[in-house]
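All remarks here apply to the structure that follows.
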Amino acid sequence: MEPPVVTLTECSKRFGDRLALRKATLTVAPGETIVLLGPNGAGKSTLLRLVAGLLRPTAGSARIAGVDATSAPRSLRAGIAYAGHRSQLYRGLTARENLELHAGLHGQRDLDVTALLNHVGLGDRADEYIDGFSRGMLQRLALARATAHQPALLLLDEPASGLDADGRLLLDATLRAGLGTRTQLVASHDDELPARLGARAVHLSAGSLA
Amino acid sequence: MRSLGRLSTTIPLVLSTILIPLTVALAFWWTPEDFDQGLSQKIFYFHVPIALTSYVAFAFGAFSAAMYLWKRTEVWDLRSYVGVHSGTIWGTLVLLTGPIWAKASWGVWWNWGDRQINVFLILFLYYCAYFMLRFSLDEGERRRSASAVFALLGVGLIPLSFLAVRIAQTLIHPVVFTSDGAAMPNSFLLTFVVGFAGMLSLMVLLISTEMRGKRTAARVLQLQRVARGEDA
Amino acid sequence: MIPAALAIARVKFVLELRRREVIFAMLLFIAATIVIVHFALSGDTGAGSRAAAGMLWAAVVFTAVLGLLRTFAAEQEEGALDALLLAPIDRAAIWIGAALAQFGFLVVVEVVAVPVWWVLFFQAGGPSIGTVVVALLLANVGIALVGTLAAALALGARTRDVLLPVLVLPLVIPIVLAGVTATYGAFGEEVGGFRPLGFLALYDLVFAALAWGTSEHLLGD
Chain A
1 MEPPVVTLTE CSKRFGDRLA LRKATLTVAP GETIVLLGPN GAGKSTLLRL
51 VAGLLRPTAG SARIAGVDAT SAPRSLRAGI AYAGHRSQLY RGLTARENLE
101 LHAGLHGQRD LDVTALLNHV GLGDRADEYI DGFSRGMLQR LALARATAHQ
151 PALLLLDEPA SGLDADGRLL LDATLRAGLG TRTQLVASHD DELPARLGAR
201 AVHLSAGSLA
Chain B
1001 MRSLGRLSTT IPLVLSTILI PLTVALAFWW TPEDFDQGLS QKIFYFHVPI
1051 ALTSYVAFAF GAFSAAMYLW KRTEVWDLRS YVGVHSGTIW GTLVLLTGPI
1101 WAKASWGVWW NWGDRQINVF LILFLYYCAY FMLRFSLDEG ERRRSASAVF
1151 ALLGVGLIPL SFLAVRIAQT LIHPVVFTSD GAAMPNSFLL TFVVGFAGML
1201 SLMVLLISTE MRGKRTAARV LQLQRVARGE DA
Chain C
2001 MIPAALAIAR VKFVLELRRR EVIFAMLLFI AATIVIVHFA LSGDTGAGSR
2051 AAAGMLWAAV VFTAVLGLLR TFAAEQEEGA LDALLLAPID RAAIWIGAAL
2101 AQFGFLVVVE VVAVPVWWVL FFQAGGPSIG TVVVALLLAN VGIALVGTLA
2151 AALALGARTR DVLLPVLVLP LVIPIVLAGV TATYGAFGEE VGGFRPLGFL
2201 ALYDLVFAAL AWGTSEHLLG D
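Residue numbers (this note's numbering), protein chains in the order written: chain A, 1 to 210; chain B, 1001 to 1232; chain C, 2001 to 2221.
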C-alpha cells in the first residue's frame, strides 16, 4: 500500500467539559514523518487517536487518504498501525502468541514471528507470558506488533518511554527505515528526535497546534 | 425557523386543551355505561390512549436514535432522549392507571395474567436502564452512540415482549377490540379516538417543549464555551 | 469475519484455561443461586416441579450476568481493544467472538449444573430433558448476543459493573418467560408445544440482526 496522506481539518475533541484538542489543522504528506512535541496533556495522544479513528472528532474532521478515519474500510485499516500508552497486548498470552494473534487478524500466514522477536531483542523471552514483562519489554513488543504488518501509516505515542539505550536505538532505526516509505506520526518528549530523523516537528500546547 | 418552533408548541397546545376536556365530557356524559364493567370502564378512554401514546414516544425515540447513528448530529440524540424520556413518564402513568382499572374490574391491584401491563413492566425496566446507561457515560460521542444503540434495541424488545408474555400466559386482558374490528358501539370508538388524539397532542406538546429547553441549554453551553475563548 | 471471530473467541478460551477467572465463579454462583431460591421458596412450593423449573432459569440468567462482567476484561487490561478495532477485520467479529466465548462458558456451566439440578429436584418425573437442553442452548445464544452487546455499550461507563446487570436483565426477561414455558411444557403440560422454542430462535435472530446493524457503533468512542 502507498503511504497515505493524513489531513486534520479544524479538528476538535472534547471530553466532557474539557477541550483536549482545539481546531487542529494539519496535513501530513504521503511518506512524510512528523514528530509531535509538547508537554503532558497538550493533546498529542488525542490527536493520534483521532487520526487512528479510535476517537470521533467533536467538530471538524480527521481523514486518512481522503476517508473519514472512524469509518476507514478494512483495506485502509490493514495499512494503519497505532501503538499507544498501553501495549494493546493480552497479558495472559506469551509474546509469541500475541504476535501470532496479530498476524492472524492481519491475514499474514507466513510472518516469521521468531525473527521479529529476535529483531526487537525478545528472542529468549518469546514463550513467556507478558504478565512479567517490564515496561521497556512491553514497549519493544508493542513496536514489533505495530510494525509486523508493514503499515503504510505508523502512529506512535511516546514509543521511547521505558526503553533502555538499546531500545531507543532500535526505535530510531525503525523510524529511520520508514522515512520516505511510510507516513509516520510520532508523539515524543525528545526535542532532538526531529533533528536526528530529519523530520518536521510540530508543537502542541494546551490542545492547540503552534 | 423561529415561527415554526412556536407553531410546533402552539398547535398541540390548542389541540390538547380542547381534546382532553372533550374526552372527559364525552366519556362521562355521552357514551353509555358499559354493560359489564359499569363506570370503571371509563378509565379505558385514558389508560389505553396513554399506553398507545407512550409507544408512539418510544418509537419516536428509536427512530431518532437510528437517525443519530446515520446523521451524527446532536439534535437527533436530543430528540431520541426526549422521546424515550416522555415515553417513560407516560409509561409511569400507564403503570399507575393500570392497577386502578385492574382493582375495579378484577378486584386486585396487579393482575399477572394481564398481558399489556406486564409488557409495560418489562419496557419500563428497560427504559429506566436507558437512563442509567446514558447518565453513567460522559457527555460526548460515546454517550450519544451508546444511548442510540440501546434505544434501538427497544425495536426488538417491544414486539418480543408481547410475544413472550402471550406464549407464557393464558389469562387475557378484557378484549375491547377483537380481530373482527372494534366490538363496541360507535360512541365508544369515537370517544376513544378523541382521547387518543388528545393524548397524542399533549405528547407532541411535551416533546417539543422539552426539545426547546434542551436546545436552549445546548446553545447556552456553547455560548459559555465561546465566552471562555474555546470557540467550539 | 468468521475466522477473526473464532480467533478472538479462541484467545478468550485460552485465557480462561490459564487463569480460570470466570467459569469456576459461575459454577459456584449458579449453585448458590439455586440453593438460595430453593430455600426462599421452600415454605411454599419449593418442592414443586414448577418452582424447580423456574429456579433453573433465574439461576442461568443471573449466572450469565456474572460471566458477562468479565467479557472485555482481558481487552481492557492493556488496551487490546484498540488493536482489534484497528485490525482489518469486520468490527462485528469482535462482538461475535466475545459472544461465542460467553456462549461457550454458559454451556460449560450448564453441563455441570443442569444434571445436578435434575438429580436434586426430580430423579423421576422430571421434564423431558431434550426440550430443556434445546431451550437452554437457544437461550444461551440470545443471552450471549444481548449480553455482549450491553457489555460493549457499558465499556466507557464509570459504573460499568453496576450498570451491566441493569442493562441486561430487562432485555432477557422474554428469554426467561419462554424458557420457563418450554420447561413446563417438557413436563407434558399443555403449553403450546414448540412455540416457546420457536420464540427463543426468533429472539436470537432479531437481536443478532439488531446487533449486526449497530456493531459499527458499539465499540470505541
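Note that beta-carbon positions come from the ideal geometry of N, C-alpha and C, so glycine has one too. Being a predicted model, the structure only gives us computed values, none of them experimental.
Judged by DSSP in its simplified three-state form, residue 9/A adopts strand. The contact set of residue 1138/B on chain A, defined by CB atoms closer than 7 Å, consists of 15 and 16 in chain order. Put simply, of 2177/C, 2069/C, 2147/C and 2071/C the residue whose alpha carbon is nearest the alpha carbon of residue 1115/B is 2177/C. Counting only runs that start and end inside the region 140–181 of chain A, the beta strand (DSSP E) elements of at least 3 residues fall at 153–157. Taking a contact as a CB-CB distance under 8 Å, the pair residue 114/A and residue 3/A does not count as one, their CB atoms being some 28 Å apart. A check of alpha carbon separations from residue 2131/C across 2088/C, 2056/C and 2179/C identifies 2179/C as the nearest. Going by beta carbons, residue 145/A and residue 102/A fall inside the 8 Å limit. For residue 1116/B, the enclosing alpha helix (DSSP H) stretches over residues 1115–1135. When secondary structure is reduced to three states using DSSP, residue 2143/C falls in the helix class. For the C-beta of residue 2206/C, the chain B residues within less than 7 Å are, from N- to C-terminus, 1156 and 1160. According to the DSSP assignment, residue 113/A belongs to the alpha helix (DSSP H) that extends over 113–119.
Residue 203/A sits exposed, since fewer than 16 C-beta atoms from the chains shown fall within 10 Å of its C-beta.
Residue 1033/B is outside the set of residues whose beta carbon lies under 8 Å from a beta carbon in chain A. In this structure, residue 153/A places its C-beta atom within 8 Å of the C-beta atom of residue 79/A.
For residue 2131/C, no chain B residue has a C-beta closer than 7 Å to its own C-beta; the minimum C-beta separation is roughly 14 Å.
For residue 1197/B, the uninterrupted alpha helix (DSSP H) segment begins and ends at 1186–1227.
With fewer than three CB-CB distances shorter than 8 Å, the region 1156–1166 of chain B does not count as touching the region 1007–1016 of chain B.
Per DSSP, the beta bridge partners of residue 202/A are 36/A. Selection 1224/B, 1228/B, 1079/B and 1196/B evaluated against residue 1212/B yields 1079/B as nearest (Cα-Cα). When secondary structure is reduced to three states using DSSP, residue 2176/C falls in the helix class. Under the Cβ distance rule, residue 2058/C does not count among the residues neighbouring chain B, no pair being separated by less than 8 Å. With respect to residue 2005/C, residue 2100/C sits close: the two C-beta atoms are nearer than 8 Å. Listed along chain C are 2086, each with a C-beta nearer than 8 Å to that of residue 80/A. When DSSP reads this structure, residue 208/A sits in a beta bridge with 205/A. Residue 2004/C has a beta carbon lying within less than 8 Å of a beta carbon in chain A. The beta carbon of residue 1214/B lies closer than 6 Å to those of 1078 in the same chain, with the five residues before and after it left out. Looking at the backbone, the Cα of residue 2128/C and that of residue 2197/C are separated by about 14 Å. The shortest C-alpha to C-alpha distance from residue 1066/B to any of 1054/B, 1081/B and 1053/B is the one to 1081/B.
Less than 8 Å divides the Cβ of residue 1054/B from the Cβ of residue 1090/B.
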